[in-house]
Amino acid sequence: MLECDPSQHRVLSLDPRQHARVLGAPGSGKTTLIGELWATLTADGWSDEQLLVLAPNRHVASALRRQLERRLDRAIGGTPVRTAASFAFAVLQRHAALSGRDAPRLLSGTAQDEAVEAVITELVSGEFAPQHALPFQPDVLLGSAFRGELRELGRVLDDADLSVSEALAQLSTAPVGDGTVGGQAAGDLTPDLRERWLGAAELLDRARVKTDRERPGELSSSAMLRAARRVLRDDREISVPALVLVDDAGELGEGGLALLAALAERGTTVWVFGDPDIATSAFQGERTRVLGDLVGELRRRGAPELIRGEDQLVVLEHVYRHGPKIRQFVQQLSGRVGAAGAGQQRRATAAISDAVGDVSVATVRTSSEQLGAIAHQLRARHLGLGGSPKLPWSQMAVLCRTRGEVKRVARALAGLQVPSETAAGGLVLREHDLVRDLVRVLQHALDLAPLDAREVMRLLGGPLGGLDPIALRRLRAALRLHSANEGQTPGGGAAALDALVLEGFEFPGERPIVDMRAARQLRTLGVIAAEAQRVHAAGGTPREVLWQIWQGSGLAPVLQEQALGAKGARADDAHRALDGVLGLFFALQRHEEHDSDQPIDALLTELMTSTVPEDSLAARGAREVVTVTTPQGAIGQQFEFVCVLGPQDGEWPNLRARGSLLGVTALERVLRDGAATLPTRHDTLHDELRLLVHAIARARTEVLVIAVKNEDLHPSVFFALGRDHLISHELPSSRLTLRGAVAEMRRRLVQHPGDEAAREALVQLARAGVPGAHPDDWYGVRPPSTARPLADIDAGETVRVSPSQLQRAETCPLDWFVSSISGFTADYRANVGTLLHRALETAGPDAPAESIRDEVFAHWDELRFDAEWQSRRAHGDTEHMASAVARYLADFTASGHTLLAREATFEVPLEFARLRGNADRIEAVRRDDGSVRVTVVDLKTGRTRPSAAEVEDHAQLQAYQLGAEQGAFVDSDGHPIHESAETDAKLVYVHADTLRKPELDSGTPYAEFAQPGLTEQTRDKFISRVLAAAAAMAGASFEAQVEHHCSDPFAIGAACALHIIPAVSHA
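Counting from 38, one number per residue, gives the positions in the sequence shown under my numbering.
If you want it as structure tokens, here you go:
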């Protein structure tokens, strides 16, 4: 039994037939008291069914349920602890059973978002026009922020017990004021704001009609609360608890409050427990004031005639979670928070005056140093260094301001060998590579969207195939060779290569097409897909088909071994991959068990496009990890050691306006009979401070607040609140791991060869077999794996040299080698260039700009961009370049010149080198004297204009000229181009940034840079360049141009930069 202090005894002595408020600072035992109350009341004759505990979220409810079971040490009747949404669902389920109808199902956030997005798309495309126009551009309407506000507006209407039609009617007749706050009557609003609400309500009405039609019987969480309130008021056969205990009542929203009011109407007594100073739910709507005036709030939400008198109030006087130092810091912060009708709980003191506890506030210079310092502190406490007791990983947490920061920090900590787990609002399945690949194979197996060759190759390079870029390049080369050996077009061609890939995938057979590991993986992938198709053909459900794919992949034991046996980022990635797969299975299970009318293809598309985190009921394995989450994600939790990250200027506090597009908070205030005003900066500042107080108060023995301070990043005003706890020394950021110790000792020994302690430590580490400790393992000490050259030119082997790679090999041989051997992933600029080259190749001489743009943008969705702004910017640039290509073709046709070939190839033997390449176009002009001049044209889509000297010495153009001179060019059909004439070459730049005054004055959207014909001197010089580059390419070692290329942040390519990073001994 709990040993209670006098204030806690007063709680246990309250009259359970009267409403009550229990205010207590963080750690004062409010949640523990709820368990003690349950035990006391049931001992006095109350049944379990007469009591109910409401928790702020499902995770807190599960923890509280376990705590209650431990306290009672017996089976408990029914479900003792629920969330408000869970209780509402139970009410609706019971009502449906009594009336013989199907119980409603939960409409997921993803499904809501999809419906809203579909309606907005209809609005933007002109398929429907609301009576009340919204003053936003299409890109704003289509953005995630607007969709989020529209869904929030729906929640507000549900919480206010208004249907959309009722809201439209009420808002249409609402009085309109001048928009000033000072002279505004309660409920007045500006015409602009009312127009936005009416327009948004029309969109919301259309979205709800869509979901009602496509998902009958499914209700959103807020709609479920509203329906439950109606049932409680209308159906007296539904039994209600006699006493409801609300934990963390500061998180209670309007919908939950209205549910309590409906219960109060039925005679239920309501007790609320909490601290308004640490409420984190202001970002989900206006806070209720139940902790300041419970009876008044219940009256406001519909139970006035049944509530008499005032509620009971007890303020807890002592804090048991932490000692005086942390308690004083929390008091200092909470004293600055505005809390209407409450505040007495701030006077609570630490129950144990000599309890261990510490608060540290520190700055670091960079974000990477910040993460290193956090990892060091976490591992030091895990190892028990500095005389502190060893802490399990699960007793430590890192709290960040945003969900995006949580993901970044968790990933970085895993790389620093600190096991971590995020707890910040559910899974976004599309963020998991493995999930995306499984869904794509599932779509193929269900005959929803067959895979093409490009997608098959992508899958081979992903988690299912497990091939690296080099293996994929070798597979392509082997398939081209196979195609040539089978008598097809020499070199294979893209179409022939795609056909072979699809053949190996769709008809796996007994053996792979070619005998190599990558081809065997292609066959395995085909077998997996074929087996899944057989399960589908036999009547298997989508979940059963997915299970066949998952089983066939063989990834389950691999990921399990990595998750349990590996360390650092590898183990963390395995855990996240398994969580994602489990979430996918659960989504299909839910779809199957609910017998949903939604087609499976719509569900899979929804899962792969939604950015809304899905809360999953799928169980996740318990493991010893550091919790990385937001303050909202830490509700109901406590840790021995807490790192608070991110009190940066502009980030925490984040004073940017929220909900400013639709003014959702103003609408909520109007519906609560308030003024139509948006939250002020003062309101937002207090909300942000509550988050900080909540984060600090999670700690039992130690708090570390850490911010970055440099020329670009500055700590915020919140950081300054802890200046009394600022530490003067630098936080160490070295890795407290065996590998980190090796790095530190090696560095010390290199810098100070006489450091005997470092030398002896390395000896001991080397004897223990720690990687990197023995000098034989040091970077640059071990002998090369091979000294053989890439090509033995002395033995008669030849070296292929392409014009495009010639200059790269001259600039930096190491960069050429790394990019050529390891392969590389082209960025979107290179891919845009490929699309424009394809359009130039296929366009007719009189092709209009529209047809070229259509050809380019037909493949636009295949490009991958890091951000939406990149796509918009590239789209604008490409619009200009497509027009410039069309203009060039039109000018060429008007000139009367002749096109000899497009995509012509050439090969010129030069001693041990073979100069090979292809040109975009070969054009000819016949003069009056009958002579012919041949011009080789190369299209460029870069944005840097070459100088005259660079054009004159341009290796690619000189290579084209040499090929033309020697008659080495053949067209795309393999026919030689016999046109003996003088030659020259030119670059055609189509990017708008390359245009200068001559082009702008003439209105020409492209720039030409011609290289004069080769002279005997320039020809010999170029051949010497080719041979020198070929000799370098054939070598066994490759020189790094460290100063002029590898270390240049603006160098093109720079694949060599990775290889000039010094060993840890020199860092």
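Every residue, glycine too, gets a C-beta built ideally from N, C-alpha and C.
Item: Just to confirm my understanding: we take A824, look at its own chain, exclude 5 residues before and 5 after, and list those with CB closer than 8 Å. What are they?; Value: A1073
Item: Please determine if the stretch 957-969 and the stretch 879-887 are in contact, where contact requires at least 3 C-beta pairs separated by less than 8 Å.; Value: no
Item: Pick from A624, A486, Q597 and A410: whose alpha carbon is nearest that of R613?; Value: Q597
Item: With Q675 and R737 assumed to form a contact (beta carbons below 8 Å), what rounded beta-carbon distance in angstroms separates them?; Value: 6 Å
Item: Please classify R735: is it buried, with 16 or more other beta-carbons within 10 angstroms of its beta-carbon, or exposed?; Value: buried
Item: If you reduce the DSSP assignment to three classes, tell me which class L827 lands in.; Value: coil
Item: Is the separation between the beta-carbon of E767 and that of F678 shorter than 7 Å?; Value: no
Item: Taking all protein chains shown into account, decide if I1098 is buried (16 or more other Cβ within 10 angstroms of its Cβ) or exposed.; Value: exposed
Item: Determine the burial state of F544: buried for a count of at least 16 other Cβ atoms within 10 Å of its Cβ, exposed for fewer.; Value: exposed
Item: So, using beta-carbon positions, are A62 and Q382 closer together than 7 Å?; Value: yes
Item: Kindly identify the DSSP beta-bridge partner or partners of F676.; Value: A736
Item: Can you say whether E291 is buried or exposed, counting buried as having 16 or more other CB atoms within 10 angstroms of its CB?; Value: buried
Item: Using a Cβ-Cβ cutoff of less than 7 Å, which residues in the same chain neighbour T1031 once the five nearest sequence positions on both sides are dropped?; Value: R980, R982 and A1044
Item: Quick test of your reading: A1005 and E1080, contact by CB under 8 Å. State the CB separation rounded to the nearest angstrom.; Value: That belief does not hold up - the Cβ atoms of A1005 and E1080 are roughly 38 Å apart, past 8 Å.
Item: Who are the Cβ neighbours of Q995 in its own chain at under 6 Å, not counting the five residues just before and after it?; Value: F1059
Item: Cβ of V118 within 7 Å of Cβ of L101?; Value: yes
Item: Under a three-way DSSP split, which group does A222 fall into?; Value: Residue placement at A222 is flagged as unreliable, the pLDDT there being 39, under the threshold of 50; the coordinate-derived value follows with that caveat. Reduced to three states, the DSSP call for A222 is coil.
Item: T1020 bridges to which residues according to DSSP?; Value: V971
Item: DSSP on P500, reduced to helix/strand/coil?; Value: coil
Item: Skipping 5 residues on each side, what residues in its chain have a beta carbon closer than 7 Å to that of Q444?; Value: Checking the sequence shown, residue 444 turns out to be Lys, not Gln. Excluding sequence neighbours, K444 sits near T459.
Item: Identify the continuous alpha helix (DSSP H) that holds G777 and give its terminal residues.; Value: L775 to Q788
Item: Fully enclosed by the stretch 419-473, which beta strand (DSSP E) runs are 3 residues long or longer?; Value: 433-436 and 457-459
Item: Answer yes or no: do R438 and W689 have a C-beta to C-beta separation smaller than 7 Å?; Value: yes
Item: At what residues does the beta strand (DSSP E) containing P946 begin and finish?; Value: T935 to L947
Item: Excluding five sequence neighbours on each side, which residues of the same chain lie with their C-beta closer than 8 Å to the C-beta of R108?; Value: G72, E73, W75 and A76
Item: Between the C-alpha atoms of E1053 and A985, what's the straight-line distance to the nearest angstrom?; Value: 20 Å
Item: With a CB to CB cut of under 8 Å and the five nearest residues on each side skipped, what residues in its chain are close to T386?; Value: E354, H355, V356, P361 and R364
Item: Let me know the secondary structure DSSP gives Y1026 once reduced to three states.; Value: strand
Item: Taking the alpha carbon of V80 as the point to measure from, which residue in S65, R111 and E1019 has its own alpha carbon closest?; Value: Per the sequence shown, residue 80 should be read as Ala rather than Val. Taking only the C-alpha atoms, the option nearest A80 is R111.
Item: Threshold first: 3 residues or longer. Then list the beta strand (DSSP E) segments lying entirely within the stretch 694-758, N to C.; Value: 736-745
Item: Let me check understanding here. Comparing Cα to Cα, which of F755, D284, C1083 and K1034 lies closest to R373?; Value: F755
Item: If we ignore side chains and look at the alpha-carbon of each, how far apart do T1020 and F1046 end up?; Value: 15 Å
Item: Alpha carbon to alpha carbon, how far is A794 from M782?; Value: 9 Å
Item: What ranges does the alpha helix (DSSP H) occupy inside the stretch 867-941, keeping only unbroken runs of at least 4 residues that lie completely in it?; Value: 886-894 and 905-932
Item: Could you tell me which residues DSSP puts in a beta bridge with E1106?; Value: Limits of the chain in this structure are 38 at one end and 1104 at the other, which puts residue 1106 out of reach.
Item: How about V128 and I275: are their beta carbons less than 7 Å apart?; Value: yes
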